[in-house]
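Working notes, structure below.
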Amino acid sequence: MPLPAPLLALSTAGDAAANLPFGLDIATLQTSVLLYLGLSSLAFVVVWVVGYLRSR
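Residue numbers (my numbering): 1341 to 1396.
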């Protein structure tokens, strides 16, 4: 009989903020993640457009 997977349950944002690594706070982490996702999306679009223009 397989063992049940551990459940990750957080009831508030404070629960998540208490366990962040490297002493980060939740606002800094959120800003960093959004910046990373925005820049990586922009890089994807640039690569796609350059590839499209080179194939023409």
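All C-beta atoms, glycine included, are put in the ideal place defined by N, C-alpha and C. Everything numeric in this text was worked out from a predicted model, so none of it was measured.
Fill in: Span separating the alpha-carbon of Thr1371 from that of Gly1378
Taking the straight line from one Cα to the other gives about 11 Å.
Worksheet item: To which residues of the same chain is Gly1391 closer than 7 Å at the C-beta, ignoring the five residues directly before and after it?
Response: So no residue of the chain qualifies.
Worksheet item: Would DSSP call Thr1371 helix, strand or coil?
Response: Three-state result, Thr1371: helix.
Discussion item. Quick check: what's the CA-CA separation for Gly1354 versus Asp1365?
Written reply: Near 10 Å, if we compare the C-alpha coordinates of Asp1365 and Gly1354.
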